[in-house]
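For reference, the structure is listed below as structure tokens.
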Amino acid sequence: DGGITQSPKYLFRKEGQNVTLSCEQNLNHDAMYWYRQDPGQGLRLIYYSQIVNDFQKGDIAEGYSVSREKKESFPLTVTSAQKNPTAFYLCASSSHGLNQPQHFGDGTRLSIL
Amino acid sequence: QKEVEQDPGPLSVPEGAIVSLNCTYSNSAFQYFMWYRQYSRKGPELLMYTYSSGNKEDGRFTAQVDKSSKYISLFIRDSQPSDSATYLCAMRYREYGNKLVFGAGTILRVKS
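Quick mapping for you: the protein sequence lines, in order, are chains A and B. According to the numbering used here, the first sequence is numbered sequentially starting from 133. According to the numbering used here, the second sequence is numbered sequentially starting from 766.
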């Protein structure tokens, strides 16, 4: 059945290391998003992509990078430049069009060793 | 000042109670309003989506939007222990594609 798959569920990063979070969707959605969720705060947008091979920075893009080579996939790399990476990362997707709601995966929890 | 304000709770109610969850916002450019439910260690699940002032009902859930007061609410009737979760409001500008702005979320606990 259709959905958004994020992997891994838990990830640990060492100092100075880059890590990549996977997000795959089989909903045939055009747009995909990455959010960061911290305790007591709402979801904050990191990057989003409305079409393959194109993406835009969100509100907190510093220290992160993305690619969108396939419609189904939107991986997020947390680089060593991100000084406070410990958070819950959520991927979402939506169909094309202004009125289409976003649907979320079950997240990846990233922690620092 | 945050664009969207939401009381973080926790809000604790007995089973069967009517629950009222609320968000206020400061920017009248928001046109579309959503409520998501998030269980612990899971992603948010869309509950309600509306773009006009007034009420929208779906089963035990009613979403209310008052654009003149910049205030939205989610009512849960006959609350159940399975409703225990964090409830996030989200809203979107009409002009900026599908970018959402979220409230911080309200933790709800329904006691059996």
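Every residue gets a Cβ at the ideal spot worked out from N, C-alpha and C, and that includes glycine.
Ends of the beta strand (DSSP E) at residue i?
i             : result
residue 867/B : 865 to 867
residue 850/B : 850 to 858
residue 220/A : 219 to 226
residue 187/A : 186 to 189
residue 826/B : 826 to 831
residue 206/A : Counting along the chain, residue 206/A falls outside any beta strand (DSSP E), and DSSP gives it neither H nor E.
residue 823/B : 819 to 823
residue 782/B : First-last for residue 782/B: undefined, no H or E at that position.
residue 147/A : First-last for residue 147/A: undefined, no H or E at that position.
residue 770/B : 769 to 771
residue 179/A : 176 to 183
For residue i, count neighbouring C-beta atoms within 10 Å of its own C-beta (all shown protein chains included) and say buried if the count is 16 or more, exposed if not.
i             : result
residue 169/A : buried
residue 214/A : buried
residue 200/A : buried
residue 871/B : buried
residue 171/A : exposed
residue 863/B : buried
residue 857/B : buried
residue 188/A : exposed
residue 828/B : buried
residue 804/B : exposed
residue 157/A : buried
residue 849/B : buried
residue 221/A : buried
residue 229/A : exposed
residue 794/B : exposed
Would you mind stating whether residue i and residue j have Cβ atoms separated by less than 7 Å?
i             : j             : result
residue 164/A : residue 227/A : no
residue 876/B : residue 809/B : no
residue 843/B : residue 781/B : yes
residue 791/B : residue 874/B : no
residue 785/B : residue 838/B : yes
residue 112/A : residue 134/A : The requested residue 112/A does not occur in the structure, where chain A is confined to residues 133 to 245.
residue 869/B : residue 796/B : no
residue 176/A : residue 244/A : no
residue 815/B : residue 821/B : yes
residue 233/A : residue 811/B : yes
residue 830/B : residue 769/B : no
Spell out whether any CB of chain E is found under 7 Å from the CB atom of residue i.
i             : result
residue 186/A : Checking the listed chains, one finds no chain E in this structure; the protein chains it contains are A and B.
**Prompt:** Is there contact between the region 842 to 856 of chain B and the region 799 to 807 of chain B, where contact requires at least three CB pairs shorter than 8 Å?
**Reply:** The region 842 to 856 of chain B, when compared against the region 799 to 807 of chain B, does touch it at the 8 Å Cβ threshold.
**Item:** Cβ contact check for the region 135 to 146 of chain A and the region 234 to 243 of chain A: 3 or more pairs under 8 Å
**Value:** The region 135 to 146 of chain A vs the region 234 to 243 of chain A: in contact.
**Message:** So, does the region 156 to 163 of chain A touch the region 180 to 189 of chain A, judging by three or more C-beta pairs under 8 Å?
**Reply:** The region 156 to 163 of chain A and the region 180 to 189 of chain A touch, with no fewer than 3 CB-CB distances between them shorter than 8 Å.
**Request:** Can you give me, in chain order, the residues of the region 768 to 788 of chain B that have a beta carbon less than 8 Å from any beta carbon in chain A?
**Result:** Within the region 768 to 788 of chain B, the residues whose Cβ lies closer than 8 Å to some Cβ of chain A are 769, 771, 773, listed in chain order.
**Residues in the region 806 to 833 of chain B having any Cβ partner in chain A nearer than 8 Å** = Answer in chain order: 806, 807, 808, 809, 810, 811, 814, 816.
**Request:** Check distances from the C-beta atoms of the region 192 to 214 of chain A to those of chain B and list, in chain order, the residues that come in under 9 Å.
**Result:** Within the region 192 to 214 of chain A, no residue places its CB atom closer than 9 Å to a CB of chain B.
**Request:** With 9 Å as the limit, tell me which residues of the region 232 to 244 of chain A have their beta carbon closer than that to any beta carbon of chain B; keep them in chain order.
**Result:** Here the close residues are 232, 233, 234, 235, 236, 237, 238, 239, 241.
**Request:** Taking a Cβ distance cut-off of 9 Å, strictly less, list which residues of the region 170 to 182 of chain A are near chain B, in chain order.
**Result:** Look at the region 170 to 182 of chain A: the residues with a C-beta under 9 Å from a C-beta of chain B are 172, 173, 174, 175, 176, 177, 180, 182.
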